[in-house]
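So the structure is just underneath, and the comments pick up after that.
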Amino acid sequence: MTGKDLNIYVHHVTRVEGHGNILVDVKNGELKEVKLEIIESPRFFEAMLVGRRFPEAVHIASRICGICSISHTAASIKAIEDALDIKPTWQTETLRKILMEAEILDSHALHSFFLAVPDFFGLPSVIPMASTNPDVVKTAINFKKLAHEICDVMVGRHTHPISMVVDGFTNLVTEEQMAELLKKIKAALKNDVPKMLEFFSRIKFPDFERKANYTCLVNPEMYPFYDGMIKSSEAGVYRHRDYRQKIVERVVDHSTAKHAFGPVKPYMVGALARFNTNYKQLMPGAQEAAKMLGLEAPSYNPYHITLAQVVEIVHCLESMSRLIEQLLSRGIRDERVERPPLAGWSARLPPAKKSWGVGVVEAPRGLLIHEYRINGNGTIDAANCIIPTAQNLANIEADMRELVPQILDRSKEEITQLLEMLVRSYDPCISCSAHLLKVDFVE
Amino acid sequence: MAKPKVAFFDFTCCEGCQLTVLSLGDKLLDLFESVEVVNFREASSYKGQDYDIAFVEGSIASSKDIERIKEIRKRAKVLVALGACAHTAGVNAIRNFHNQQEIRKMVYGDKAWVFDSILAQPIDAIVRVDYYIPECPIDKEEFLRFVSQLLNNMKPFLPDYPVCVECKMKGNVCNYHKPNPIICLGPVTRGGCGAICPSAGNACEGCRGLIPDANLEAMEWLLNEYGVSAEDKFRFYRMYNGLMGMKK
Amino acid sequence: MDQAESRRGGRLEKYLVAKTSFLKLVDEQIKEGKEVVAPVRQENQANFRRIKSTAEILWGGPQTVVSAKSFVFPPKEELLNYETNDEVRVQPRVEAKPLILLGVHSCDINGMALLDKVFTEKNLDENYVKKRENLTVIGVECLEPCSPESFCYRKDSVLPWDGFDLFLTDLGKNFFVEVGSAKGESFLSGLGKKATQADVDRVKKIRRERDAKFDEKQRKLKPKLSDLPVLLKENYNSPVWAERGARCFGCGSCNMVCPTCYCFDVRDCVELDLKHGIRARWWDGCMLTDFTRIATGEIFREDRGARLRHRTYRKDYYLFEKWGKSFCTGCGRCGKACLTKVVDPLDIANEIYERSRSR
Amino acid sequence: MTIYKPEVAVIKRVEKLTVTESLFDLELLSGKPLGHRPGQFLELSIFGVGEAPISISSAPSDSPTFQLCVRKIGNVTTAMHARKPGDKVGIRGPFGNGFDLENFKGWDVLLIGAGLGLAPLRSLIWAVLNSRQDYGRVFIIHGARSPQLLLFKEELREWENRPDVEFYSTVDVADESWQGHVGVISTIIPEVDFDPEKTQAVIVGPPVVYKFLIKELKNRGVEDDHIWVDLERKMKCGVGKCGHCQINNVYVCQDGPVFRYDRIKNLPEAI
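Chains as they are written, first to last, in the UniProt record's numbering: chain R, 1 to 443; chain F, 1 to 248; chain C, 1 to 359; chain W, 1 to 271.
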């Protein structure tokens, strides 16, 4: 196969969130260039947060991403609570955990069914599947509907949650509503999960392995989305406030999203990183699901991210049931918090012990970090957000660099397809990655 | 009657409005029944360039965006601005009030001029927009009503009344009457959202834009009455209505 | 209240019922599955809500955010549904189910009594009437002014004129219960004993004291109540309208919360298949810009001041003159809801009165 | 049966009158005659689109067929224009007071229709002409913005040629084909040879014309109680509930749409 020339340029990769191009240049059988160009217009979110009082900042931060807005809201809230030394109650944290898992359910259902699956059927989208595989589409819609209902009831809506704020909720879900949701979650576990597993166990994923550095939260208590220490194969386990020493961001010319290294090598975040790292903490049904799908931890195949998402769907349904049961056994107390008032509100702020705070959560696509410096009257002075997709970009390029030579004997169409599928399997959320800010915090 | 061809496009935004469309649940299937979706990058690899109705979300924020939206306008019979970013420039406009050189440097350091970026603008700053579906993100019910009315050859219904109307219908305690009142833009903001934010214990932040005859003098009077500082006022206006007073 | 008696051609029964047994009766009804709605606390205010126990009821609280009218004239109400295939099938929709509305203040009872007039006049509105017939209205007497905004005493509305099935007055351990209808009588199911003359005298005394208290505490209406139509009529071109209009949001909040505002919009909602749909009505308000806009774009009452005048005139002139009763029951909700303090009918009447006297 | 339930009617015939106006012949599915008076209106339903008040354009008759002249302007009227013979629509009504012919019997009648105002006026014109002997002189005055926008052209010619009708017409802007009077409709009044003492005058037109036409009539000496107007307002229910059509204390849908001028001249919101 020596001497082959290949030039691939995929303009606007489809079925991903945001705008990216794939660029591959092979000259004389030698790989010259592999790039995932991120061409989303810069959004300057961190700059937009500057000068904002924290209650507004949470709602602005949510707008970074339409699909993982609950994660951004949670990370933003946690950064503020970290800075202001606010410790939310068990009930608040439990409700947040449920919300995070509902968002994982929605996002994974969207990606695995609507965005990833059409590739395996040679279809451009899920739309024709509505008539060819109505059951599958219906299952996905059921998951999404359930996730949305959970969010609608708990925080007003799914995209850009309303009542989820610093130190609690401005509106509280009732026990009756929670009990109703529990019934529906259990019904989904019983009716929809088997259909999903049966469907995905029949799909054949491309063979490709490249061991990456897997980075995610770890928590001895549970398979963590909301809280934990950070663990990376390269840097070990460290506290969230130390992330600056362990994660290094660099501006690259071909991307309006920065690339992250942890601290030296590219690394992978997201469902597969979590699955590989925290497999043992998955709920029993989810472990069972992994077996059915033939997914073993660790898996070094990035195409398996989609399967890890399917496993996480099962896990989240089980985990939400457990959390809701715990919540109902304790009873839901009226711990509503008010939005800070119109005037003179800085007087009501708790005394700030730290000037800055870091909030880290596991968004559907992986580790999400918000860091804010907050001044005495509750205004954000500086902000830094590290988005999962930005962290994966360098790793995706590393995967592509390894994959292309392995498949160079195939047709250009096939190569293009495999590359697109690779990018898509990372479920990149490009629009929210394209708004980075290098902030030097002066402590 | 042939199904109308529909395309979805996104510019600078969080894509939450397209996701709202993908989250229509059972109605999504009805939508696929009643229209032919020819271009929906987020959901489909098929990039049809022949379409009747273009739904466009996001703000114009680069010179490339300008070219692309002009091309879409040329092809579309009906162009609909979807969501706050397309309608009023949404939260993207917040950065218009910062020093542009400073924030670019803050973000990209010495590579500040590598990337194409202009002030965030609504779609109608560049091309003619036929209809708007406001809100951040769009409301599912409103989107469905809009599509069915458009299919029915109607001028889609967009309320001209403020958020207060639906807030009262919901029986909410007014944000200005709480023991600790909070700024709420309900009296000048276009209704149609079902007062979703006040109903969830929050304030209206103005994401649906102003009503056509918003009484901004009265708003000034009200905020002064509650002792809101000029700085707080502007910050709040500039969540979604950076262009307030100029654009309704 | 005397009016109700004379209209029904005879004295209404009055009872003395122990509070505990009355509330027990209601709780039993709830257990039997009857829907009972009563004012409950909502943040620092009150609202009507379906209750699971009478313990939830907020007695003597501030006026509810939204008036009781929403149970006979809901914010959104389906009028018909249709299907248009080869044949057109139109199905009118009149939804009504039994509902006990407990703890209603006189301002709201009177509000409904007024709506009864307009919805049954000439073209009877079945959607309203069916709901009204299914409603059991149990009022409660206000012995303290409920809010700084209310002025029911000035509008002859501290007691219900009509429109209730039972009316309760708190006598400590007992309720003094006035029966307004056969439905009310049967609801009581023989509870308590007939009130004696002494009981009646006691209530009279309480009401005299209450009147004195309300007279002292509620804001004064400077013109005579019966003079309002003429006063307004003569001040059509008063600068008051423009001055207040300048600060009016035109937000319609006053219309929404009012117990006697009954204007509505009618719109169709069609499914994506364009074959099935509904026609529904929504609350509308004369303070909203769109209210008089016709298809060609003309707006007949464009000026906010003119809209404010129209609203005020409907309450205290047009409908007052037509029905012999002011269509403002003094509940004070609009004055409270109006953030820029322009709409309060008592303020407006007083201002016009003062200005016309100083001319 | 509620007051909001429309009866189904079938479109029998559609005649295009101008670019924006068409005349629809309708019949109730029940086959019953509509039983209306001139000047009354209907709430026309296009299911899925909504309802709109439309004046009845045909003269009262025992025939089941009645006519609506519809201008394509809003959602309902645009949808109506897309309908074909055989299609079904809904109607409620007739509503409103309409013209009481008793008021005109024995009098000279001056019938003024401006623009689309000719549509409801046509109902009255034919009612008068159908018992021509009951009235004195009959004047018909019609104005349109341009010759292309003239409605019922054949009938206009018929009236013009009738010896028992004194016919005047004008356009705001003329073209080569137009031989007649040019100018807004109020400019034609001074040319009409009528006896103000013996005349009942009727004006139907868009909101802007009333003020000018009434002024012209009064200049000629017509008493206020001899002038009749047919007013247009937003209407949602047609039955005196929804409040949109209110002019001060009168409801156009109940107390009108036909008003004797002296009874509304003191309503500041009327004209």
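Here a beta-carbon is modelled for each residue, glycine too, at the ideal position from N, C-alpha and C. Remember, predicted model here, so these are calculated numbers, not experimental data.
ILE64/R is the residue among GLN326/R, TRP356/R, ILE64/R and GLY376/R whose C-alpha sits nearest the C-alpha of PHE45/R. Relative to ILE104/R, the option among PRO124/R, GLN309/R and ASN377/R whose CA is nearest is GLN309/R. Within chain W, no C-beta atom comes less than 8 Å from the C-beta of ASP215/C; the nearest is roughly 32 Å away. For the options PRO60/W, SER61/W and VAL49/W, the alpha carbon positioned closest to that of THR77/W is the one of VAL49/W.
ASP227/C is outside the set of residues whose beta carbon lies under 8 Å from a beta carbon in chain W.
Between the segment 228-238 of chain W and the segment 194-208 of chain W, the count of Cβ pairs shorter than 8 Å is three or higher; the stretches touch. Under DSSP, MET164/R takes part in a beta bridge, and its partners are PHE169/R. Rounded to the nearest whole angstrom, the C-alpha separation of ILE53/F and VAL21/F is 15 Å.
The closest CA to that of ASP130/F, considering only ALA120/F, SER62/F, MET154/F and ILE138/F, is found on MET154/F. Contact with chain F is absent for ARG373/R, since none of that chain's Cβ atoms lies less than 8 Å from the residue's Cβ. Using a CB distance cut-off of 8 Å, ASP124/F does not count as an interface residue toward chain R. At a cut-off of 8 Å between beta-carbon atoms, CYS65/R makes contact with chain F. In summary, no residue of the segment 228-244 of chain R has a CB separated from any CB of chain F by less than 8 Å. With respect to chain C, the C-beta atom of CYS174/F has a partner C-beta closer than 8 Å. Boundaries of the alpha helix (DSSP H) harbouring CYS164/F: 163-169, taken from the DSSP string. For ASN384/R, there is no enclosing alpha helix (DSSP H); the residue is part of the beta strand (DSSP E) that begins and ends at 380-386.
Cβ neighbours of ARG279/C within its own chain (closer than 6 Å, five residues either side excluded): LEU79, LEU80 and ASP268. Residue contact check for ILE407/R against chain F: no CB pair falls below 8 Å.
Within chain F, the residues ALA200 and GLY201 have their CB atoms less than 7 Å from the CB of ASN171/R, given in chain order. Our two residues, GLU354/C and LEU221/C, have alpha carbons roughly 11 Å apart in a direct line. The residues ARG210, in chain order, have a CB closer than 6 Å to that of LEU143/C in the same chain once the five nearest residues on each side in sequence are set aside. Between the alpha carbons of ILE189/W and LEU101/W lies a gap of roughly 23 Å.
The Cβ of ALA383/R sits no closer than 8 Å to any Cβ of chain F. Counted as a single uninterrupted DSSP element, the beta strand (DSSP E) harbouring PHE175/C occupies residues 174-179. Between LYS231/R and THR94/R, the alpha-carbon positions lie close to 23 Å from each other. Within chain F, SER44, SER45, TYR46 and LYS47 have C-beta atoms less than 9 Å from the C-beta of PRO124/R, given in sequence order.
ASP125/C is classed as buried because its beta carbon has at least 16 other beta carbons within 10 Å across all chains shown. Taking the C-beta atoms as reference points, ARG157/R is found nearer than 8 Å to ILE196/F. Residue-level contact check: LYS155/F touches chain W, since one or more beta carbons of chain W fall below 8 Å from its beta carbon. A Cβ-Cβ contact shorter than 8 Å links GLY103/C with ILE57/C. The continuous alpha helix (DSSP H) containing ARG355/C extends over residues 345-358. Not one beta carbon of chain W lies nearer than 8 Å to the beta carbon of ILE348/C. Taking 8 Å as the upper bound for CB-CB distance, ALA182/C and LYS130/C are not in contact here, some 18 Å apart.
Assignment of CYS242/W by DSSP, reduced to helix, strand and coil, places it in the coil class. Contact between the segment 404-418 of chain R and the segment 377-384 of chain R is absent: fewer than three C-beta pairs spanning the two stretches fall below 8 Å. Between LEU339/C and CYS251/C, the alpha-carbon positions lie close to 10 Å from each other.
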